[in-house]
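Student:
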Amino acid sequence: MKQLIPLLVVIVMLLALAGCQSGGDSLRLPSTTSPAAAQAPAPPAAPVLAATPKNAGPAPVGEMVTPSFKAPTVPVIPTRSAQDLTPSVPLPTPLPSLGVIGGPDDAMPLKRPIGLALATGGRLYVTDQSGVHEFDADGKFVKTLVKVGSETGLRLPSSVAVAPGGDVYIADTATNTVLRVKPDGQIAAKIGADGAVQLNQPVAVETDAQGNLFVVNQATAEVLKLDPNGKLLLKFGGQGDENGKFIRPRALALDKDGNIYVTDLSTFLIQKFSPQGQYLKTFGNQQMRETLWLLRGMDIGPDNRLYVADSANNRIQVFNLADLSLVKEFQNPGREPGQFFESEALRVDDQGTVYLVDKGNNRVQKLKLPF
-16 MKQLIPLLVV
-6 IVMLLALAGC
4 QSGGDSLRLP
14 STTSPAAAQA
24 PAPPAAPVLA
34 ATPKNAGPAP
44 VGEMVTPSFK
54 APTVPVIPTR
64 SAQDLTPSVP
74 LPTPLPSLGV
84 IGGPDDAMPL
94 KRPIGLALAT
104 GGRLYVTDQS
114 GVHEFDADGK
124 FVKTLVKVGS
134 ETGLRLPSSV
144 AVAPGGDVYI
154 ADTATNTVLR
164 VKPDGQIAAK
174 IGADGAVQLN
184 QPVAVETDAQ
194 GNLFVVNQAT
204 AEVLKLDPNG
214 KLLLKFGGQG
224 DENGKFIRPR
234 ALALDKDGNI
244 YVTDLSTFLI
254 QKFSPQGQYL
264 KTFGNQQMRE
274 TLWLLRGMDI
284 GPDNRLYVAD
294 SANNRIQVFN
304 LADLSLVKEF
314 QNPGREPGQF
324 FESEALRVDD
334 QGTVYLVDKG
344 NNRVQKLKLP
354 F
């Protein structure tokens, strides 16, 4: 009997084990996931990010914190309510092309042109990456007036203007100088090189009927008026976003009364000043119904209208100077004649023909605006 007891214990244990396995299977519910998914561990919970209070000490070890963040400084974009804004030009405006200057098939193909000036007899001076080039009234290449390089010291010709006597002024943004060049290409002076006048990233030049020179200093946000020899006569502007100040001035124009108009790339506004540099008026997004954007080119035509090249929207806007109201706008982006892309300088001749630096297409376009 004693020998049967261990055997009975073993039999009882085996029966109990079989019963447990059978009961467990009967209680298991069908799974809706794959076996692999059922075995995969659940993803860890996302850590809670605790912001670090200002002037707080270091976070405890193991605690995750967000780094301090300072919003970058961005240009101030004047805004108006939607109902006050006129819509942009909905469809491209066909523009009759009177010719293309400096195209790929020309004797002097232009490379990223920026500046443009009109001289007597219809001659043109155009700045690009390689220098300043002269074209005749028919748009044919005449000569390179000044080459970029160590021989001339010219590095980045950004703007060009022609004085009544024929001298050509070239703003060299890279060297902080303005070159005064004779029509034959001889460099007569380098304004700003001797330190008598402080030029800081000159990006635009213009001349008046008396031969005085106006320079836009972009780095210091100032406009300078110099006599033909480079002597400082007047300075106005300065860094700021209030009336009479600039953030990033770019282009300027003079009307027949000597008033000065200056564009600002950062505020998308145009400001008007008296011949003495006194602030008169601002127009643009905050003061008028029409929107103005990247204003890189501007001129006043014989019809006493202000012509503005809006590079961001690939359009030309025309305003009455009397009340600064919009006359018409023309938008025609593209590569074909009469179309333009990434425009820069703009000039209007005595017949009202518009010359537009079409930088994105490496050319200058001669346009007749259909009023």
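When you line the sequence shown up against the numbering used here, it's residues -16 to 354, in that order. The beta carbon of each residue, even a glycine, is placed where N, CA and C say it ideally should be.
Which residues share a DSSP beta bridge with Gln314?
Tutor: Arg298
Student: Going by beta-carbon coordinates alone, are Val115 and Val143 separated by less than 8 Å?
Tutor: yes
Student: Taking the beta strand (DSSP E) that Arg288 belongs to, which residues open and close that run?
Tutor: Arg288 to Asp293
Student: Is there contact here, the segment 325 to 335 with the segment 275 to 286, by at least three beta-carbon pairs under 8 Å?
Tutor: A contact exists between the segment 325 to 335 and the segment 275 to 286.
Student: Can you tell me the Cα-Cα spacing of Ala187 and Glu319, whole angstroms?
Tutor: 28 Å
Student: Which one or two residues does DSSP pair with Val340 in a beta bridge?
Tutor: Val347
Student: Rounded to the nearest angstrom, how far is the Cβ of Asn359 from that of Gly175, given a contact under 8 Å?
Tutor: As shown, the chain starts at -16 and ends at 354. That puts residue 359 outside it, with no answer to give.
Student: Which residues share a DSSP beta bridge with Met91?
Tutor: Per DSSP, none; premise fails for Met91.
Student: Counting C-beta neighbours from all protein chains within 10 Å, is the total for Lys173 16 or more, i.e. buried, or is it exposed?
Tutor: Counting the other CB atoms within 10 Å of its CB gives Lys173 a total of 16 or more, which places it among the buried residues.
Student: In whole angstroms, what is the alpha-carbon distance linking Glu325 and Asp341?
Tutor: 6 Å
Student: Using the Cβ count rule (16 or more neighbours within 10 Å means buried), how would you classify Gly213?
Tutor: buried
Student: How is Gly220 classed by DSSP in three states: helix, strand or coil?
Tutor: strand
Student: Using 8 Å as the threshold, is the segment 307 to 315 in touch with the segment 86 to 95, meaning 3 or more CB pairs across them?
Tutor: Touching, no.
Student: I need the straight-line Cα distance from Asn287 to Thr250, nearest angstrom please.
Tutor: Whole-angstrom Cα-Cα distance: 25 Å.
Student: Can you look up Gly114 in the DSSP assignment and give me helix, strand or coil?
Tutor: Strand.
Student: Between Glu327 and Phe219, what straight-line distance do the alpha-carbon atoms span, to the nearest angstrom?
Tutor: 24 Å
Student: Is it true that the CB of Ile153 sits closer than 8 Å to the CB of Val145?
Tutor: No, Cβ-Cβ distance for Val145 and Ile153 is not below 8 Å.
Student: Are Thr110 and Ser141 closer than 8 Å when you measure CB to CB?
Tutor: yes
Student: Cβ atoms of Arg233 and Arg279: under 8 Å apart, would you say?
Tutor: At a Cβ-Cβ threshold of 8 Å, Arg279 and Arg233 count as neighbours.
Student: Taking the beta carbon of Gly359 as the centre, do at least 16 other beta carbons fall within 10 Å, making it buried, or is it exposed?
Tutor: The question about residue 359 has no answer, for the chain in this structure spans -16 to 354.
Student: Closest to Gln193 by CA distance: which of Gln169, Asp155 and Pro258 is it?
Tutor: Pro258
Student: So what does DSSP say about Thr246, is it helix, strand or coil?
Tutor: Thr246 falls in the strand class under three-state DSSP.
Student: If I'm right that Val347 touches Leu99 with Cβ under 8 Å, what's the distance once you round it to whole angstroms?
Tutor: Their Cβ separation, rounded to whole angstroms, is 6 Å, which keeps Val347 and Leu99 in contact under 8 Å.
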